[in-house]
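Heads up: take any position in the sequence shown, counting from 1, add 127, and you land on this note's numbering. Backbone N, C-alpha and C define an ideal beta-carbon position, used for all residues, glycine too. Before any comments, here is the structure.
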Amino acid sequence: MSNVDTAWLRMDSDGNLMMIVSVLMFDKPMDMRRFRHILATRLLTYSRFRSHVRYDMTGSAWWQEQEVDMDYHVVHLRLASDGGSNKAALEQMVGALSATPLDASQPLWQIHMVDNCVGEDGKVRQAMVIRIHHCIADGMALVGVLLSMFDSTPDAPDSEPAGEVPPLDMENPWLPFLQPVTKATISAINMSTSIWTKYMWMLADSDRMLARLAKMGGIAGQLTLDAIKLSAMTCDSRTRLKGRPQGKKHVAWSEPLPLDEIKVIGKALGCSVNDVLMASVAGAIGAYLRSKGDTIPHNTDLRAMVPVNLRKAGEEKNLGNAFGLVPLVLPIGIDDPMARLEEVRRRMDELKGGYQALVAMAILGVLGATPKQMQNEIQNYFARKATAVMSNVPGPQTPLYLAGSQLDQIMFWVPQSGDIGVGVSILSYNGGVQFGLVVDDAIAHDPHDIIRRFQPEFEKLVLLTLMSEWAA
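Okay, here's the thing in structure tokens:
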């Protein structure tokens, strides 16, 4: 097991479990025997889904294959309903599962198939709730794994591997923030942990390092400067969304926004789809805090740690963790939607061309090679610098099918580490953009009070764009 994967394996705490949780909504129930067959022939071709974690006396971890107990890994149940929507009951179930550890004696994944899920539109669907430990793979790799289970037509034969899945039409929103990163560079993070450890100790003496920057140029200078920026981040603003997680989780998700409409608004305003989405999130969080009576000065910011994929194109199906983290500072104190969008765009531009994601992955590699107590101290240090983890993942823009059932909606939540108790997820699929939110009960009791504000903030940008076009 790589050092980075080991770091995620050891990062579980009473307040936060390191599981990626996803909810997939299907238009009709699947035949469970057929579904299990697809799992056996497609998902279980990945050895990590057939393996549990073993340790030696030094604490080093590795994967050991075993017979897979499908009765443990696939749980089939049914939600009660009085004829109306039972979405709240499904969200409550997902929140409870998000706080329930996986069985460490088994491969670290589990699926709950939930029948009779009645949506707010009155339609009855089947939900698939997937929990996978982060040490198996990161979010982008797991998207690749999930896509390998699906077909692009409803009548594809189950006995064959999944056919070619439609490409991701929405460009990776974080690609502009990465310089070219080779696979060899990422491998070096795991192989040369001692060198990176010495490097991080050098960064602690920031005055000396800043003096050395004057003698450096190109990549070396930028890499060192970004490392100093990460290690010297100030603590995040003290809002009601900061606190110590206690382990009880609440989740919520919105109805999808039309991707084409977001693209049109971004083009009209001279910014990216990602800028529009981040500005909407910042506006929603600011509006929520004001609704609670909090005073939010104009210069109030909220820092979110954003996972950034470091794989090259075509490597999404390789398991393991190959991503870094970029600190995105959201201007939640700016109430004017246009001014907020412009500030988000400016901050995004400042991040471009940096190596903070690569440095963050190197830090994870260092953590995986240090004693667990030291790892906890270092990760808590960085967790104090942020309020949320926010992930934006592009998905296919045409319908997908599993065992003959069409995938209608997909949501996911990445884990939060240390004392971070808020997770925001954005995923595009089949022409829609889906927002998801997970909060710890010690931070907020009702995530709907936050997530219901995302769409109105986007609609403000739509209205202002139309008004500016009309005025012109």
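The straight-line gap separating the alpha-carbon atoms of Glu470 and Val453 is approximately 17 Å. Taking one beta carbon from each stretch, the stretch 212 to 223 and the stretch 366 to 383 have 3 or more pairs nearer than 8 Å; the two touch. By the CB criterion at 8 Å, Gln561 and Gln536 fall inside the cutoff. A check of alpha carbon separations from Ala188 across Asp132, Leu166, Leu171 and Pro526 identifies Asp132 as the nearest. For Leu224, the closest alpha carbon among the candidates Ser149, Met159 and Ser279 is that of Ser149. Boundaries of the alpha helix (DSSP H) around His200: Met197 to His200.
In terms of Cβ geometry, Ile459 and Gly413 form a close pair [threshold 8 Å]. Annotation: the continuous alpha helix (DSSP H) that includes Val408 extends over Val400 to Ser418. Out of Ile389, Asp230, Cys244 and Met184, the CA that lies nearest to the CA of Gly211 is found in Cys244. C-alpha of Asp567 to C-alpha of Gly420: approximately 20 Å in a straight line. Under the three-state reduction of DSSP output, Met538 falls in the strand class. Per DSSP, the unbroken beta strand (DSSP E) holding Ser552 starts and ends at Val549 to Tyr556.
DSSP, read as helix, strand or coil, puts Ser544 in coil. Around the Cβ of Asn426, a 10 Å sphere holds fewer than 16 other Cβ atoms; the residue is exposed.
Cβ contact annotation for Pro385 (same chain, cutoff 7 Å, sequence separation greater than five): Gly558 and Gly559, in chain order. In this model, Ile577 and Tyr415 are separated by some 6 Å (Cα to Cα). The alpha-carbon of Tyr556 is positioned some 33 Å away from that of Asn130. In the structure shown, the three-state DSSP call for Pro454 is strand. Note on geometry: alpha-carbon atoms of Pro583 and Ala530 lie some 36 Å from one another. Shown here for Thr172: not one same chain residue has a beta carbon closer than 6 Å to its own, the five before and five after excluded.
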